[in-house]
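Below: one structure, written as structure tokens.
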Amino acid sequence: MSDSEEDSQDRQLKIVVIGDGACGKTSLATRFAQEAFGKQYKQTIGLDFFLKRISLPGNLNVTLQVWDIGGQTLGGKILSVYIILNFKECSAHAGKHT
472 MSDSEEDSQD RQLKIVVIGD GACGKTSLAT RFAQEAFGKQ YKQTIGLDFF
522 LKRISLPGNL NVTLQVWDIG GQTLGGKILS VYIILNFKEC SAHAGKHT
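Here you go:
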């Protein structure tokens, strides 16, 4: 393994795309993560998930998780469960950094 590989840092970030149904969330996420647009509308049922890996200066490698939550599910349980689970995860990590 080279020195540059040993010095690299890996990070993972989550991006949650939410909004009304049929407003373009999936198109935005697909364009960002896959550099493409779909020509036909396809409703997201529940949620969809994309990954984008980028390299930043200073040997920083970042994996972006793009969560595309269907607009029709915003009033349902998916979003509230995600927020509760994410809050617990963030709270657990915050305690490790104090």
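Plus 471 on top of the position in the sequence shown (first one is 1) and you've got our numbering.
For every residue, glycine included, the Cβ atom is placed at its ideal position computed from N, Cα and C.
Please report how far the alpha carbon of Gly541 lies from the alpha carbon of Asp519, in whole angstroms.
About 8 Å.
Short check: CB of Val533 to CB of Ala504, under 7 Å?
Going by beta carbons, Val533 and Ala504 fall outside the 7 Å limit.
What is the rounded straight-line gap between the Cα of Ala493 and the Cα of Asp539?
When rounded, the separation of the alpha-carbon atoms in Ala493 and Asp539 is 12 Å.
Please state whether DSSP places Gln505 in a helix, a strand or coil.
If DSSP states are grouped into helix, strand and coil, Gln505 belongs with the helices.
From Gly529 to Gln483, what does the alpha carbon distance come to, in whole angstroms?
Their Cα atoms are separated by approximately 16 Å.
Can the beta-carbon of Ala500 be found less than 7 Å from the beta-carbon of Val488?
In contact: Ala500 and Val488 (Cβ atoms closer than 7 Å).
Specify, as a first and last residue, the run of the beta strand (DSSP E) that Lys485 falls within.
Gln480 to Val488 is the span of the beta strand (DSSP E), which, as asked, contains Lys485.
Kindly indicate which three-state DSSP category Thr534 falls into: helix, strand or coil?
Look at Thr534 here: in three-state DSSP terms it is strand.
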